[in-house]
Amino acid sequence: MDRQYYDLHIHSCLSPCGDDDMTPNNIVNMAMINGLSVIGLTDHNSCGNCAAAMEVGKEAGVIVVPGMELTTAEEIHVVCLFPDLEAAQAFSAYVHDHLPPIQNRKDIYGNQLFRNASDEVTGEEDLLLILATDIGIYDVPALVEEFGGIAILAHIDRHSNGVLGILGEIDPLMGFRKAEVSRAADPDYYKERYDFLSFVSDSDAHNLWTIAEPGEANFFTEPVQEAADVIRFLRNGEI
């Protein structure tokens, strides 16, 4: 079996901190160039570009897992991944209602662009997506599960917006079973300290040149054919 490499934490041009050239086609094509079979599209607090990316991925033979990088009330980042577009869009609508009513200042924060499968701009998100929602960290795993998805503590090795940098510890009672470390981190270091977690390593790419390559990416130990397979493997432990 050919290895199916993955990078489950990639931002598009919908994230204000993402480059404008992080379009659905550019992301999928760069994933193909880098030898990735599976990617996750995880913009800040929105799944608004997932439909376009999934359409492009289907044509290209790249599995695009719909998701988002949720910002909790504590300003902790959580990667939320879903088995299908319908679940992702429903969660996205829920999260949108839990954002503060603060408008984006694109001259300060950057553009928040919706694009279609032809990379055409179809609109802009008015609310500033990088702000904290009012959703608490202890509520996230069960909430995401209600929508059929899985919640992964994002880049726990980073001080900025990582659970350890903000709270100093990972409480098992939070309910998380999966955590993400940056590519430069040593997952064994965290495995020894948090034996109730299993780990993934992703890029958190905000531009094309930081999307993971096979030498930097992990791979699935069994074949996956769709986003639902990815969610199942994530729930079952190591991939």
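Per our numbering, the very first residue in the sequence shown carries number 42; after that it's consecutive. Quick reminder that beta carbons are idealized off the backbone N, C-alpha and C, glycines included.
The region 57-68 makes contact with the region 243-257, as at least three CB pairs between them are under 8 Å. Contact check for G81 and L122: beta-carbon distance about 6 Å, within the 8 Å limit, so the pair qualifies. Distance from the CA atom of V162 to the CA atom of M95, rounded to whole angstroms, is 16 Å.
The residue from L275, V271, R276 with its alpha-carbon nearest to that of I104 is V271. DSSP assignment within the region 120-153 yields the following whole alpha helix (DSSP H) runs of 4 residues or more, N-terminal first: 126-137. Considering only A129, G102, L275, H85, the residue with the shortest C-alpha distance to A92 is A129.
Per DSSP, F237 lies in no alpha helix (DSSP H) and is assigned neither H nor E. Contact annotation: G76 and P255 have beta-carbon atoms nearer than 7 Å. Annotated three-state conformation of L214 is helix, per DSSP.
With fewer than 16 other CB atoms across the displayed protein chains lying within 10 angstroms of its CB, F237 is exposed.
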